[in-house]
Amino acid sequence: GAQNDIGARPDAALLSAVVQEISPALGISGAPHFVHTRRWQRAIPQYEQGHLDRIRQVDAALATLPGLALRANWRDGVALGDCIENAAALSEREAWRYPAG
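Numbering of the sequence shown is given in the UniProt record's numbering, commencing with residue 1 and proceeding in unit increments.
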């Protein structure tokens, strides 16, 4: 069921819960290198007119910066499942940059 109290929790508590829940599922350990929290009190965020143009501008800029990758819910879907799916695809695509050993 819905967990309406989650949005009222402090950022640190949310981060702790997320790390605790996803670390075993993704087989990762340690703290994230970067965290940004934005709260939407009443709804899932909606894309505004011109959003796709901004995405194209970001993609063009990223094409000039080898090794820099960007994934966020404003790019590839606001749902948690979208974020997880896109992060997994990015990690598979970029894993060659960081060989084991």
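The C-beta atom is built at its ideal place from N, Cα and C for all residues, glycine as well.
Beta-carbon contacts of residue i that lie in its chain and below 8 Å, excluding the five residues immediately before and after
| i | result |
| --- | --- |
| Leu70 | Val58 and Leu62 |
| Gly7 | Arg39 and Gln41 |
N-terminal and C-terminal residue of the alpha helix (DSSP H) that residue i is part of
| i | result |
| --- | --- |
| Gln49 | Counting along the chain, Gln49 falls outside any alpha helix (DSSP H), and DSSP gives it neither H nor E. |
Which of helix, strand or coil DSSP assigns to residue i
| i | result |
| --- | --- |
| residue 102 | Residue 102 is absent from the model: the chain starts at 1 and stops at 101. |
| Arg93 | helix |
| Ala13 | helix |
| Val35 | coil |
| Gln41 | coil |
| Ile22 | helix |
Complete runs of the beta strand (DSSP E) confined to the stretch 53-87 [at least 3 residues]:
none
Below 8 Å, can you find three or more Cβ-Cβ pairs linking the stretch 68-83 to the stretch 44-54?
yes
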